[in-house]
Every structure is written in C-alpha cells, then in structure tokens.
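The sequence shown begins at 1 in this note's numbering and counts up one residue at a time.
All residues carry an ideal CB built from backbone N, CA and C; glycine is no exception.
Contents: one structure, followed by commentary.
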Amino acid sequence: MSPVLAGVLQLLALIVALGLSYRPLGDHMARVYSSEKHLRPEKWIYKAIGANPSVEMRWPAYLRGVLAFSAVSVLFLYLLQRVQGSLPGSLGFVSIDPDQAFNTAASFVANTNWQSYYGEQAMGHVVQTGGLAVQNFVSAAVGMAVAVALVRGFARSRTGELGNFWADLVRGTVRILLPMAVIGALVLVACGAIQNFSGIHEVGQLTGGTQQWNGGAVASQEVIKELGTNGGGYFNANSAHPFENPNGLSNLFEIYLILVIPFALTRTFGRMVGSLRQGYAILGTMAAIWIGFTALMMWTEFAGNGPAFEIAGGAMEGKETRFGIAGSSLFSVATTLTSTGAVNSFHSSYTGFGGGITMLGMQLGEIAPGGVGSGLYGMLIMAVIAVFIAGLMVGRTPEYLGKKIGTREIKFAACYILVTPALVLCFTAASFVLDTPANSMTNSGAHGFSEILYAFTSGANNNGSAFAGLNADTQWFNSTIGIAMLLGRFLPMVFVLALAGSLAEQTPVPKTAGTLRTEKPLFTGLLVGTIMIIAGLTYFPALALGPLAEGLAA
C-alpha cells in the first residue's frame with residue numbers, strides 16, 4: 001500500500017469515527033448543560049466551594065467567576081512548582097525557577113500548555129498529576145462553559161442571565177470530561193502507553209552508555225491533554241514519545257480525541273438554539289477548513305523535490321517512522337487548527353509551506369474545529385462578522401438566529417478578533433528590536449523569523465506547540481509568552497461574555513423574506529471566505545517574511 005493511500009484511508013477512518021460520535025456526544029452535552037438536576041458528587045463540590053448552582057448569573061458575574069477561578073488556579077499551580085523540592089514524589093527534582101513557574105502556571109491555566117522545560121527532567125509526580133493534569137481538566141471545562149454561555153445568549157430573550165459558571169464548570173468536568181478520559185486512558189494503556197508512579201531508571205543504549213527514564217501516570221494525562229485540547233506532554237518529545245503514543249493506532253485515536261468534542265459541540269449548539277441546521281452550517285464550515293488544510297499539508301509534505309525526498313517518499317525529516325508523513329500531517333493539522341499544541345513530529349523540520357500551514361491554522365483563530373469550547377465561540381464570533389458583512393452588502397440590518405447585530409454587538413466581535421493578532425505581531429516585533437531575544441534563535445533568515453513568529457502565534461492563540469528551534473527558556477520569552485497566553489485567553493472571553501449578555505437581553509426579530517438564511521450552504525461559503533480574508537489580511541505580511549519566503553526559496 002502506498003503511503004498516500006494509507007493517509008487517505010486514515011483520514012476516512014477518522015471521519016467515520018467522528019461521524020459516529022457526533023450525534024450521541026453532541027446531544028449528551030446539550031442535556032448536561034440544560035439539566036436542572038445536580039448529581040450527588042456535584043453537590044459535594046458546590047458545598048465545598050460555597051457555590052449555589054441554581055443562581056443565574058448576568059455576564060459580569062459569570063466573567064468574575066471565570067477570572068476568579070483562573071486566578072486562584074494560576075496561584076496554586078505556581079506555588080506547587082515553587083515548593084516541588086520539598087514534596088514527596090518529586091523524583092529528586094528541585095523547585096522550579098520563578099519565571100518558568102509563572103510561565104508554566106499561566107500556560108496550563110490558559111489551556112495553552114506551552115512548555116519551556118523538559119517534562120521528564122523537571123516535574124515530579126505530584127506536580128504532574130496534582131497540578132498539570134488537574135488544570136488539563138478544569139481549563140478545558142472553563143472554555144466549554146464560556147461557549148455554552150454564548151449559546152445561551154443566542155437562545156434566550158429579554159433576560160441578561162447566562163446560567164451559572166460554577167454549575168457549568170463542575171458539570172463539564174464531572175459529566176463529560178472525566179468519563180471520557182477514563183475510557184480513553186484504558187484504550188491508550190491497551191495500545192501500550194504507560195501508567196505508573198515509577199521512579200527514575202537507568203537504561204542501557206545500543207550505542208553504549210546509559211540514559212535515565214522515569215515513569216509516570218502518562219496514559220491518564222495523555223488522554224485529557226488531547227481530549228481537552230491542552231497539549232502539554234509528560235515527556236519533552238510529547239506525542240512523538242513511545243510512552244505517550246506507542247503506535248499508529250494510538251496516534252489515530254489521539255487525533256480523534258483532539259477533534260471529537262469541538263466538532264460535537266456544533267450539534268450541542270444546534271440543540272440549544274432549537275435548530276440543528278444552524279449547527280450543521282457551523283459544522284460544515286469547520287469541516288471544510290479542516291479537510292482543506294489536511295489535504296494541503298499532505299500534498300506539501302509528500303511532494304518534496306530532490307533525491308532525499310524521493311528516497312524517503314516525502315519530507316520525512318523530523319517525523320517518526322511509525323507514523324509516517326500521513327499520520328504526522330493529520331496530527332499537525334489537528335493540533336494547530338485546535339488549541340491542542342501536542343505534537344508527534346518536529347514542526348520546524350516541515351517544508352517551508354508545511355510550517356506555514358501549521359502557523360496559519362493557529363492564526364485563523366483555531367476555529368476549525370478549534371479548542372474545546374473556544375473553537376465554538378470563536379466560530380460564532382466569525383459568524384457574527386459574516387452576517388454583518390452580508391447585511392452591509394444588501395443594505396439591511398444584520399440578524400443572526402433572530403438577534404440583531406447592531407453597533408454594540410459588532411464592537412464586541414471586532415475587539416475579539418483584534419486582541420490576538422495585536423499580541424502576536426507586537427511581541428514578535430519587540431523580540432527583533434531587542435538583542436537578547438534574537439540570540440535565542442537557532443536559525444537565521446526566514447526560518448529564524450518563523451521560530452519567533454510561531455512562538456507568539458502559539459502562545460497568544462493558546463496552542464502551545466513550538467517550532468522547537470527557539471531557546472524559549474529565557475526571562476524574556478518566559479515572561480512575554482506567559483503574558484501573551486493570559487491575555488490571549490481571558491481578554492477574548494471578556495468580549496464573548498459581553499456579547500452573550502447583549503444578545504440575551506434582546507427581543508427576537510421575526511423572520512422575513514429578506515432574512516439571511518444562515519443554515520444554508522451559501523452562508524457556509526460566506527463564513528469560510530470571511531475567515532480566510534480576515535486572517536489573510538492580518539497575517540500575510542508576517543507570513544511572507546517567514547514560511548512563504550522559505551517555501552519559495554526551496
């Protein structure tokens with residue numbers, strides 16, 4: 001079987017698996033967030049934190065809940081790393097330096113999981129399981145909660161109430177993420193991923209000498225890092241490490257975990273707004289971009305020129321032979337079109353155009369299908385922009401799902417789409433103005449530029465992957481990328497929740513003959529075009545200096 005055919009078959013198998021999960025998972029999540037009943041374990045949690053899950057919140061109160069919980073999470077994870085040297089199960093590792101502890105705490109709370117350290121050489125069992133793995137669950141649940149709040153803004157009328165943040169947080173964790181993670185961890189263990197609390201072992205090498213390896217609760221952390229679109233690896237090699245991702249079957253399963261909740265949330269959206277066709281329109285937009293990027297990435301990596309490419313069957317540099325070009329391309333597109341950031345190959349070794357595809361996937365806003373929760377609310381923001389553009393073209397007041405998109409709503413949407421590019425481009429420019437950050441580049445020229453552009457694109461978009469040729473473990477990058485991660489995560493949430501509150505207060509507008517049919521393929525095409533144009537106009541000059549210049553010079 002040719003590698004290209006194998007890649008196509010993997011893609012088809014993935015589509016079938018996602019299709020079979022779409023309806024039951026989407027409907028289940030809609031029931032979870034619409035239910036008025038509380039499970040007994042959930043009641044214990046509410047009592048422990050002093051929350052009343054039955055009290056409805058307006059958007060400022062909902063936002064305060066999001067920010068307060070996240071601030072406490074950052075502080076807890078920071079302190080846990082700072083006292084690691086005194087904790088049991090630390091495997092002899094010392095406490096983490098202040099700048100790196102801040103960067104890591106911001107990273108995992110912001111659902112970014114950017115890592116400027118070697119996981120197996122820095123973090124003990126307590127920090128890995130009691131700190132990082134916990135944040136993998138709750139940071140994903142926060143994103144889902146904000147997405148559901150926006151959906152309620154479209155679904156509700158004449159009220160500013162968006163639900164209860166604490167109830168949404170707990171339900172998303174207890175009823176959705178935890179059960180799926182338990183099942184997924186068992187599958188990964190069956191595939192060969194490790195799950196233990198072993199210490200450090202001295203392992204002999206075929207070439208002589210020894211190497212130290214430590215065990216850990218890897219399968220349980222691996223599953224939630226993918227399922228929650230987090231991405232932080234137990235080991236520095238991330239999902240290229242055989243302890244995390246042993247074979248081709250586990251690789252395909254991990255890609256499935258990355259995509260399944262973001263895609264299924266579109267059905268949850270359709271259920272909650274009372275129109276499954278609206279959910280299908282959003283799904284169609286996400287699927288069109290994802291399939292297009294996957295096909296383009298495979299073509300780029302298989303169609304390399306030169307004898308090395310011909311002998312290897314494509315651009316195999318930096319890719320695991322057990323996954324090949326197809327498995328690596330599928331994974332890289334899935335992880336950069338979502339906010340996952342997990343990697344099973346070396347993105348810096350991709351072709352110039354291949355590296356550009358991974359960057360552009362993040363620069364679109366990671367909305368195809370995007371992160372858990374963040375992908376849905378990011379796509380709905382783009383839908384609001386698309387409706388506004390359509391309204392300007394035909395000369396009538398824009399409407400979406402029976403809600404008018406007026407001056408206030410479009411300001412919130414515009415602020416949302418401006419935050420991340422401002423962070424990416426300003427921090428990238430500052431890094432080249434100053435001498436010290438530029439010295440962290442392993443490469444010069446277009447590829448060196450891409451290293452820093454990729455780093456801030458990844459951080460501000462809450463992705464967490466890296467080109468890996470950049471020495472990011474410096475005070476400058478630890479601090480600035482940490483700031484970019486926090487602002488890139490929580491500033492957009494401010495505008496999302498403000499928009500949700502504004503929509504929920506409106507009186508529904510009745511449909512007329514001139515109402516834009518947003519459930520039709522025409523709107524899906526308009527939405528895809530809007531996304532590509534906005535991203536292209538924003539980032540094209542920067543991409544031209546980096547991956548495009550490198551690709552054209554090859």
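With a threshold of 8 Å, are at least 3 pairs of Cβ atoms found where one atom belongs to the region 441-448 and the other to the region 402-412?
no
Contact between the region 122-129 and the region 346-361 is defined here as three or more beta-carbon pairs at a separation below 8 Å; is this criterion met?
no
Return yes when the Cβ of T428 is within less than 9 Å of the Cβ of A549, no when it is not.
no
Hey, out of R175, G233 and G318, whose CA is closest to T112's CA?
G233
By how many angstroms is the C-alpha of S349 removed from the C-alpha of G92?
34 Å
What number of angstroms, rounded off, separates the C-alpha of Y256 from the C-alpha of L18?
C-alpha separation (whole angstroms): 7 Å.
Do you know offhand how far V174's Cα is from F165's?
14 Å
Measure the alpha-carbon distance for F412 versus T538 and round it to whole angstroms.
Straight across, the Cα-Cα distance linking F412 with T538 is about 18 Å.
Per DSSP, what are the beta-bridge partners of L470 in this structure?
M441
For G26, count the other beta carbons within 10 Å of its own beta carbon; 16 or more makes it buried, fewer makes it exposed. Which is it?
buried
Hey, quick one: how far does the alpha helix (DSSP H) through Q221 stretch, first residue to last?
V218 to L227
To the nearest angstrom, how far is it from the Cα of L423 to the Cα of G208?
47 Å
List, from N- to C-terminal side, the alpha helix (DSSP H) runs of 4 residues or more that fit wholly inside the region 132-175.
133-155 and 165-171
Based on Cα-Cα distance, which residue from S479, L63, R489 and I325 lies nearest to N103?
S479
Identify the residues that DSSP records as bridge partners of H125: which are they?
As computed with DSSP, H125 is found in no beta bridge at all.
Would you grab the beta carbon distance between L337 and G361 for me? Rounded to a whole angstrom, and I think it's under 8 Å.
4 Å
Rounded to the nearest angstrom, how far is the Cβ of G488 from that of T420, given a contact under 8 Å?
In this structure G488 touches T420 by the C-beta definition: roughly 5 Å separates them, less than 8 Å.
Please report the distance separating the alpha-carbon of F69 from that of G395.
Here the C-alpha atom of F69 lies approximately 44 Å from the C-alpha atom of G395.
Determine the direct distance from the alpha carbon of I452 to that of N471, and round the result to whole angstroms.
10 Å
Taking the alpha-carbon of S505 as reference, which of M57, W44, L9 and A13 has the nearest alpha-carbon?
The amino acid at residue 505 is misidentified as Ser; the sequence shows Glu. Out of M57, W44, L9 and A13, M57 has the C-alpha closest to the C-alpha of E505.
Can you tell me whether V509 is helix, strand or coil according to DSSP?
coil
Answer yes or no: do N136 and C191 have a C-beta to C-beta separation smaller than 9 Å?
Contact: no.
Answer yes or no: do I176 and M393 have a C-beta to C-beta separation smaller than 9 Å?
no
Contact check, V218 vs Q195 under 8 Å by CB: the rounded distance?
Their Cβ separation, rounded to whole angstroms, is 6 Å, which keeps V218 and Q195 in contact under 8 Å.
Taking C-alpha atoms, which residue in I49, A281 and K403 lies nearest to V509?
K403
Looking only at C-alpha atoms, which of F263, Y280 and D168 sits nearest to G270?
Y280
From what residue to what residue does the beta strand (DSSP E) around N214 run?
T210 to N214
Here's the rule: buried if 16 or more other CB atoms are within 10 angstroms of the residue's CB, otherwise exposed. What is V387?
When all chains shown are included, V387 counts as buried.
V419 by DSSP, collapsed to three states: which one?
helix
Going by C-alpha distance, which of A455, A553, F490 and A149 is nearest A115?
First, the amino acid is wrong: residue 115 is Gln here, not Ala. For Q115, the closest alpha carbon among the candidates A455, A553, F490 and A149 is that of A455.
Run the CB neighbour count on T321, radius 10 Å, all protein chains shown included, and call it buried at 16 or more, exposed below.
T321 should be labelled exposed.
Secondary structure at V203, three-state DSSP: helix, strand or coil?
strand
The alpha helix (DSSP H) that contains H347, what's its start and end?
Where H347 is concerned, there is no enclosing alpha helix (DSSP H), given that its DSSP letter is neither H nor E.
So, using beta-carbon positions, are A342 and E202 closer together than 9 Å?
no
Measuring only the C-alpha atoms, how far is A513 from G274?
20 Å
Would the region 46-66 count as touching the region 95-109 if we require 3 or more Cβ pairs under 8 Å?
No, because fewer than three Cβ pairs between the region 46-66 and the region 95-109 fall closer than 8 Å, the two stretches do not touch.
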